[in-house]
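One structure is given here, and the rest of the page talks about it.
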Amino acid sequence: MIKPISQRFLIGLLWLMLSIPALAIDIEVLYLRKLIDRPPVLSNILPPPDDSGIRGAELGVLDNNTTGKFLNQSYRLAVFESDSADILIQQANSWINKGRFLILLDMPATDILQLAVSPQVKGQAILFNTSAKDNHLRQNDCQSGLLHTIPSRAMLTDALIQFLVRKRWSDWLLIQAGKTEDQAYADSLKRSSARFGANLIAEKRWSFDTDQRRTAQLEISGFTQVEDYDVTILADEAGDIGEYVLFNTWLPRPVAGTQGLVPLAWHRVIEQWGAAQLQSRFDELAGRWMNSQDYSAWLALRSIGEAVTRAKSFDAKSIYNYLLADEFQLAGFKGRKLSFRRWNGQMRQPIPLVHPRALVTTSPQPGFLHPVSEMDTLGFDKPEVTCRFNTGL
Amino acid sequence: MKHIFLSLGFLVFAMQDLSAATLYVSNEKDNNLSLIDLDSLEVIDTIEVGERPRGITFSKDFSKLYICASDSDSVQVLDVGSKKIITDLPSGEDPEQFALHPNDRHLYISNEEDAIVTIVDTESRTVIAQIDVGVEPEGMAISPDGRWAVNTSETTNMLHWIDTSNYQLVDNTLVDQRPRHVEFTHDGAMLWASSEIGGTVTVVDVSSRKMLHQLSFKIPGVNQDRIQPVGITLTSEGNLAFVALGPANHVAVVDTTSYEVIKYLLVGRRVWHLELDNYDKYLYTSNGVSGDVSVIDVNKLKVIKSIKVGRYPWGLAIKP
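These protein sequences, in sequence, are chains A and B.
Residues in the first sequence are numbered consecutively from 0, following this note's numbering.
Residues in the second sequence are numbered consecutively from -5, following this note's numbering.
If you want it as structure tokens, here you go:
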């Protein structure tokens, strides 16, 4: 069912309805979320929030409405959750049948693809992927009408490897956990390593199921005895064993990847470029830290806000055209203007590298050049993309 | 001969007048002000103030300095003679920048986290009005005739025009991404507005509140994304404008009739704000990342000195 999102938002909405003259544009956005059972992980002391993404979208709506009140625009978010892809697609259809066309997708890549190619959706809606980092959605499975505000794994691993190469810590040990997404992260690391001239010295797969909280000191140490290398890189997205590798490796080497020094879209430690203001707005709304998924949903809403404000008219075609036009630019608190790649719909953006208490650096790193935008050294550049992506609906 | 002596006497008088001038610099991350003697170009004093001081401005008679102490959620009043904070004004939350109305009484304050502008009467120390503006209000300027207060909102990307006679928001001008600073020309006919992420400066006609011209910048060897205009100042004759370009570490010198950039001057890192002395002789810049103030000779268009101050110098104000 469609749930009201927050009391504060409803009060804001009521206020807007009372104060805005009749000519107002109503911009309604649907947030579709697939409910997924997450398997248990060992490092379960700090569980992730269960409203990741949704709170970011809510903040985007609030920010857009603050701007919208000067322009007779009123934004509203409807959230729909289900554990069935079919029901989510049905919901998208009925949304489109009511003449609406803006949909945020918080679901795995397979469900995104199924939804994007379904005949009632294709060409009728603008979809924003705010959660799936899968490289194939950007490289060979891209879909016209489907934009990605969450960075791909390739952008994340490129950002990390650029930094390591710049530090001349080019020789790395890979430790991979056992899930499918860990394989995807490891593949992406290898691609980045080859791309920027790093060397994979050895790779190890973690397949044991003992509780590392009690035995890491003993086991990780032996497990990481390999030829000399510069940095340990983890591919453990769920955080099953990665947290226990730090300070337990055989050689005294830094740890990066999914734990340790982590490339990501957003983290609480980012405060430059005015980010402190976004962080405190989010904190006030949600009472917790803003994460990458919240940020990606916020980016989607703010992109919609910019396009609605500056495009000539409010319909799916005009908004989509504007989002992919050269004029489109978005300030996203990362020190550079953000825009969408015209070859796969990915939002180009700097990638921060953080540890739990501080920002270490932001990629692209100096010296990694690109003829158009240095941000396009992260992720799939135009010649690497094999799918066909249209910039018109 | 007598004539020459007279002129010399005048020159000595003028020089004495110059030497008395002091530049006040707010250090955002050190919670203090650095005072620079503009004759010796050296820091002569440091004054502890509230948390995260950013915008600073003097009262007309230079007896008081108003300080936005953002994280203390107040505008502090410094007694310039005794160098003591004498009172806090009710400013609304997180004041970042402000402007003093020509009536020398009303302060227009941007409250960054609340998306409002607060107007405070500095004599009665009361809030006169609060006006809803866009997300993250930042820059503030008041027209020389006192009629308009213009506020920029960084995430809404607008200039908000506030009528100072009734404190009503009457118009909004959409500009490029992340507008930071606004500056009226001395005749009040035009308004210059910088867009940090858009990388542009928009010149707006005040009577129609529409864009007249848009400037962009290009520095050889500097990535276009790093060119992020923030502070703007205009000479008293109005023939030159200076634009601080943030992480491009340069100040652009603009001919205000042709809107051409005459020169880019290399200053310290992440240059925020600019202040000209009363004679248009020297321009001072606050360089956030390198923690210093660059001194520019305006006639020669040359950087002549950099002066180390505290961490993250932000606001600048000169007491003649």
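Virtual Cβ for every residue (Gly too), placed ideally from N, Cα, C.
Asked                                                                                                                                                                              : Found
Taking B/T158 as part of the alpha helix (DSSP H), name the residues at either end of that continuous run.                                                                         : Where B/T158 is concerned, there is no enclosing alpha helix (DSSP H), given that its DSSP letter is neither H nor E.
Excluding the five sequence neighbours on either side, which residues of its own chain have a C-beta within less than 8 angstroms of the C-beta of B/H267, listed in chain order?  : H175, V224, G225, A238, T279, S280, W308, G309 and L310
Hey, would you say A/V307 sits closer than 8 angstroms to A/I26, going by beta carbons?                                                                                            : yes
How would you write the range of the beta strand (DSSP E) that B/F92 sits in, first residue to last?                                                                               : P89 to L94
Tell me, please, whether the CB atom of B/G262 is closer than 8 angstroms to any CB atom in chain A?                                                                               : no
Taking 8 angstroms as the CB-CB limit, is A/E180 close to chain B?                                                                                                                 : no
Do the region 171 to 186 of chain A and the region 347 to 361 of chain A meet, that is, are 3 or more Cβ pairs less than 8 angstroms apart?                                        : no
State the start and end residues of the unbroken beta strand (DSSP E) segment that holds B/A63.                                                                                    : K58 to A63
Count the other CB atoms, across all protein chains shown, that sit within 10 Å of the CB of B/T251; report buried if there are 16 or more and exposed otherwise.                  : exposed
Taking the beta carbon of A/L377 as the centre, do at least 16 other beta carbons fall within 10 Å, making it buried, or is it exposed?                                            : buried
Output needed in chain order: residues of the region 40 to 61 of chain A with a Cβ under 9 angstroms from some Cβ in chain B.                                                      : L61
For A/K336, return the contacting residues in chain B, with the cut-off set at a CB-CB distance below 8 angstroms.                                                                 : Q171, I191, G192, G193 and D219
Looking at the C-beta of B/T149, does it have a partner C-beta in chain A at a distance below 8 angstroms?                                                                         : yes
Mind pulling the chain B residues with CB within less than 9 angstroms of A/S317?                                                                                                  : Chain B residues near A/S317: none, gap ~17 angstroms exceeds 9 angstroms.
Taking all protein chains shown into account, do 16 or more other C-beta atoms lie within 10 angstroms of the C-beta of A/P394, making it buried, or fewer, making it exposed?     : Any question about residue 394 of chain A goes unanswered here, given that chain A covers just 0 to 392.
Could you round the C-beta distance between A/D82 and A/K33 to whole angstroms and report it? I think they count as a contact, below 8 angstroms.                                  : 7 angstroms
Residues in its own chain within less than 8 angstroms of A/A21 by CB, not counting five upstream and five downstream?                                                             : For A/A21, the predicted structure reports a pLDDT of 37, less than 50, and the residue's modelled location is therefore unreliable. A value from the coordinates is still provided. Closer than 8 angstroms at the Cβ level, and outside the excluded window around A/A21, lies no residue.
Please find out if some non-hydrogen atom of the ligand NAD comes closer than 7 angstroms to the beta-carbon of A/C141.                                                            : This structure does not include the ligand NAD; it has no bound ligands of any sort.
Ends of the alpha helix (DSSP H) at A/T179?                                                                                                                                        : T179 to F195
Output needed in chain order: residues of the region 127 to 156 of chain B with a Cβ under 9 angstroms from some Cβ in chain A.                                                    : V127, G128, V129, E130, E132, S147, E148, T149, T150, N151, M152 and H154
May I ask you to list, following chain order, the residues of the region 248 to 261 of chain B that have a beta carbon less than 8 angstroms from some beta carbon of chain A?     : none
Please confirm if B/V297 has its CB atom under 8 angstroms from at least one CB of chain A.                                                                                        : no
Considering Cα atoms alone, identify which of A/R99, A/G144 and A/A315 is closest to A/I111.                                                                                       : A/G144
What residues are listed by DSSP as bridge partners for B/L27?                                                                                                                     : B/S20 and B/I41
Who are the neighbours of B/L168 on chain A, taking C-beta pairs under 8 angstroms?                                                                                                : T308 and R309
Looking only at its own chain, which residues have a Cβ that is under 6 angstroms from the Cβ of B/M9, when we skip the five neighbours before and after it?                       : Any answer about B/M9 is weak, because its pLDDT of 47 lies below 50 and its placement is not dependable; what the coordinates show is given next. Closer than 6 angstroms at Cβ, skipping near neighbours: no residue.
Pull up the CB-CB distance for A/R137 and A/F379, whole angstroms please, since I reckon it's below 8 angstroms.                                                                   : 5 angstroms
Return the CA-CA distance between B/L153 and B/Q124, expressed in angstroms with no decimal places.                                                                                : 17 angstroms
Does the beta carbon of A/P20 sit closer than 8 angstroms to a beta carbon anywhere in chain B?                                                                                    : Residue confidence is low: A/P20 scores 42 on pLDDT, short of 50, so the model does not pin down where it sits. Its coordinate-derived value is still stated next. No, its Cβ sits nowhere closer than 8 angstroms to a Cβ of chain B.
Count the other CB atoms, across all protein chains shown, that sit within 10 Å of the CB of A/L300; report buried if there are 16 or more and exposed otherwise.                  : buried
By Cβ distance, which residues of its chain are closer than 8 angstroms to B/G75, with the 5 residues on each side in sequence left out?                                           : S57
In angstroms, rounded to a whole number, what distance separates the CA positions of A/L250 and B/E132?                                                                            : 50 angstroms
Tell me which residue opens and which closes the alpha helix (DSSP H) that B/M205 is part of.                                                                                      : Where B/M205 is concerned, there is no enclosing alpha helix (DSSP H), although the beta strand (DSSP E) it sits in stretches over K204 to S210.
Please list, in chain order, the chain A residues whose beta carbon lies closer than 7 angstroms to that of B/A187.                                                                : Within chain A, no residue comes near B/A187; the closest Cβ sits about 15 angstroms away, beyond 7 angstroms.
Within the same chain, show all residues whose beta-carbon is closer than 6 angstroms to that of A/Q258, passing over the 5 residues directly before and after it, in chain order. : L233, G241 and E242
Within 8 angstroms, do at least three Cβ pairs link the region 161 to 177 of chain B to the region 75 to 86 of chain B?                                                            : no
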